[in-house]
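Asks: Mapping to full-length UniProt numbering: the sequence shown position 11 is 11, numbers consecutive. Beta carbons are placed, not taken as given, at the ideal position from N, Cα and C, and that holds for glycine. From a predicted model like this one, the values you see are computed outputs, not experimental measurements. This is the structure I want to talk about, given as structure tokens.
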Amino acid sequence: MPGLTLKLKTKTGQQHIVSNLDKDGTTVGALKQKITELTAIPGAGLHAVLGFPPFKQLDFSRDEAPIASIGISNGDTLIVEEKQLSQAERDQLEAAKRLEQDEKLAKELAAQEGGDSGAG
């Protein structure tokens, strides 16, 4: 099965093609990273809508979710722009990043402890 292809348009008139995406395997985070690479719009401030008026705003909040979960299809055009974050949104984003890092560290420590339990 060929990969998913999306067209990106920015408010400044840039147009990009993103291809070979796996609808179930590519994550929202990976798509955001690809959009950032092509447009220089930071992932934290990325705002994207789909379709023609009325636009459907895409939920890019769950980085680990497959792109199929946000409702995009092969050939869709995403209109992307940088959204200015409020101080509260920036604080919330930083807190979420710290929590994600803490959870990752906790899992790594738990895995290490599980591996060390036979050494006693």
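What residues in its chain sit with their C-beta under 7 angstroms from that of G120, if we drop five residues either side in the sequence?
Replies: The sequence position of residue 120 within the sequence shown is 120, counting from 1. The predicted position of G120 is uncertain, since its pLDDT is 48 and thus under 50; no value can be drawn from it.
Asks: Is there contact between the segment 72-89 and the segment 3-18, where contact requires at least three CB pairs shorter than 8 angstroms?
Replies: yes
Asks: Apart from the five residues just before and just after A96, which ones in its own chain have a Cβ nearer than 6 angstroms to its Cβ?
Replies: Position 96 of the sequence shown, counted from the start, is the residue given in the question as residue 96. For A96, where only same-chain residues beyond five positions count, there are no Cβ hits under 6 angstroms.
Asks: Threshold first: 3 residues or longer. Then list the beta strand (DSSP E) segments lying entirely within the segment 31-82, N to C.
Replies: 46-50 and 77-82
Asks: In angstroms with no decimal places, state the Cα-to-Cα distance between G13 and V49.
Replies: Counting from 1 along the sequence shown, the entry for residue 13 is found at position 13. Counting from 1 along the sequence shown, the entry for residue 49 is found at position 49. Distance between the alpha carbons of G13 and V49 is about 15 angstroms.
Asks: With DSSP as the reference, label Q15 as helix, strand or coil.
Replies: The residue you call residue 15 lines up with position 15 of the sequence shown. Q15: strand per DSSP, three-state reduction.
Asks: Closest to R62 by C-alpha separation, out of K56, I70 and F55, would be which residue?
Replies: Position 62 of the sequence shown holds residue 62. For R62, the nearest C-alpha among the options comes from I70.
Asks: Between E100, G45 and N20, which has its C-alpha nearest E81's C-alpha?
Replies: Residue numbering aside, residue 81 sits at position 81 when the sequence shown is read from its first letter. Among E100, G45 and N20, the Cα nearest to that of E81 belongs to G45.
Asks: Taking buried to mean at least 16 other C-beta atoms within 10 Å of its own C-beta, is F52 buried or exposed?
Replies: The count along the sequence shown starts at 1 and reaches residue 52 at position 52. Exposed, because fewer than 16 other Cβ atoms sit within 10 Å of the Cβ of F52.
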